């Protein structure tokens, strides 16, 4: 009797482990349109209304727990923002003159600026889910999908800054992979005197500390310099993101680190840990090309 | 075992697993403490293993893990593999040692959180996430384990409350079965009447 129980227990355990391994192997080797991914997409589509309801119902609880941290952070931010506001007021006057000059010069040269944010429709969507482990997978689930025109590769913004891009789409829900996800890398431009370009990646273990890498070793970058998307376009590839979306401000630019590792540290503009809503940039000429590249990549990689 | 009672435990565990994952994704994961978000699912799986045994623990771990992987569009099988081990080991601890100390769930919760966090990181590295190990990463893993340990006791109490009365060797159930099958209640025993 005892032996029978032991055998049964071991058999069930072995069966569960084998099923898990089969699923893992099959899923990892599959493309985005394969049966397991389709089943997953179907389950996510069925679950998304439940999650949306739960997210709305549990918002007061989230807000209560978030209130303590938010209050402490808000006081610190208030002082920083006051100092920043005073400095920016001086800068704005100079920029307004520059913008006017720029518009006049563009008219003279007949430059095409249709690749900017104006070329996109902005869909405001609600965040309805998040994975528990944001160290290695940093994503958001939102309440809009392909039925709202969202496609794989569409960029997402919040608080006026870049958040990430769409990597999985179901009819009524989609997943946005954040710029703090380890797999994320964004071509960026630092708005310093020379407009140095680099690659933005999250720092390991502290995803909110972003790094702009591959910068020139002797670049003149100072704290508070703004970092925006580069939006490159070559004959073969195109950036996922349109150019000039603000991403963050430089927090640390150590000349020694720049010379040795060619990198500076950046804090994101968007509050990536407390997002309730994001805007997905849908459509647009730039997005079509970028989306097709992302879709091709998703297909090859076997998922988001 | 009476027919309706036979399905009580699986039904309660199914409801518990479903609610755990939905609440985790919709609310708990969106609140960060010291930069990390709490993961309730390994704690719930370990508690079920401790209360119900190795086999229900492993099956529950597999189901919850698979649900997490599907709902979060992760690689299927990663979380279920980890949670099978957590549920099974917690159940074996109960079966082999039958620990009676009140802080056992805390130690098991800490071990379950550590196993889930480190195991998930290792699986991701093996699956190709290029992220070198750093002190910051280790610090966050430690904070996650500490927070998991703090929540282990309340989660265990909650899970016990949910499954209470439906466990095969639950004391209440044993008593009830004895009465319904003709056994004497303590009040009817001859010694009690003296």
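Residue numbers (the numbering used here), protein chains in the order written: chain A, 225 to 528; chain B, 66 to 259. Glycine residues also receive a C-beta, built at the ideal position from the N, C-alpha and C atoms. Predicted, not measured: the structure shown is a model, and the values here were computed from it.
- For the 8 Å CB-CB criterion, residue 488 (chain A) and residue 470 (chain A) do not form a contact.
- Nearest neighbour of residue 344 (chain A) by Cα position, chosen from A:371, A:353, A:356, A:375, turns out to be A:375.
- Not flagged as an interface residue toward chain A: residue 163 (chain B), since no C-beta distance is shorter than 8 Å.
- Counting only unbroken stretches of 3 or more residues, the beta strand (DSSP E) elements lying wholly within the stretch 363-388 of chain A are 363-366, 379-382, in sequence order.
- Taking all protein chains shown into account, residue 265 (chain A) has 16 or more neighbouring C-beta atoms within 10 Å of its C-beta and is therefore buried.
- The beta carbons of residue 205 (chain B) and residue 103 (chain B) sit no closer together than 8 Å.
- Between the alpha carbons of residue 151 (chain B) and residue 497 (chain A) lies a distance of about 29 Å.
- Contacts with chain B (Cβ-Cβ distance below 7 Å) from the stretch 236-266 of chain A involve 236, 237, 240, 241, 244, 245, 247, 248, 251, 252, 260, 264, listed in chain order.
- Counting C-beta atoms within 10 angstroms of its own C-beta, residue 262 (chain A) has fewer than 16 neighbours from the protein chains shown and is therefore classed as exposed.
- Taking a Cβ-Cβ cut-off of 8 Å, the neighbours of residue 286 (chain A) in chain B comprise 92, 95, 96, given in sequence order.
- In the three-state DSSP reduction, residue 189 (chain B) falls in the helix class (H, G or I).
- Residue environment analysis places residue 77 (chain B) among the buried positions, since at least 16 neighbouring C-beta atoms fall within 10 angstroms of its C-beta.
- Rounded to the nearest whole angstrom, the C-alpha separation of residue 231 (chain A) and residue 119 (chain B) is 13 Å.
- Within the DSSP secondary-structure output, residue 422 (chain A) pairs in a beta bridge with A:412.
- Between the stretch 393-408 of chain A and the stretch 307-325 of chain A there are fewer than three C-beta pairs closer than 8 Å, too few to call the two in contact.
- The CB of residue 194 (chain B) comes closer than 7 Å to the CB of 360, 406, 407 in chain A, given here in chain order.
- If you look at residue 79 (chain B), you'll find it in the alpha helix (DSSP H) that goes 73-91.
- Shown here, residue 432 (chain A) sits in a strand according to DSSP, grouped into three states.
- A distance below 8 Å separates the beta carbons of residue 91 (chain B) and residue 353 (chain A).
- When Cβ-Cβ separations below 8 Å define contact, residue 140 (chain B) makes contact with chain A.
- At the C-beta level, residue 463 (chain A) and residue 149 (chain B) stay beyond 8 Å of one another.
- Within chain B, the residues 95, 96, 97 have their CB atoms less than 9 Å from the CB of residue 290 (chain A), given in chain order.
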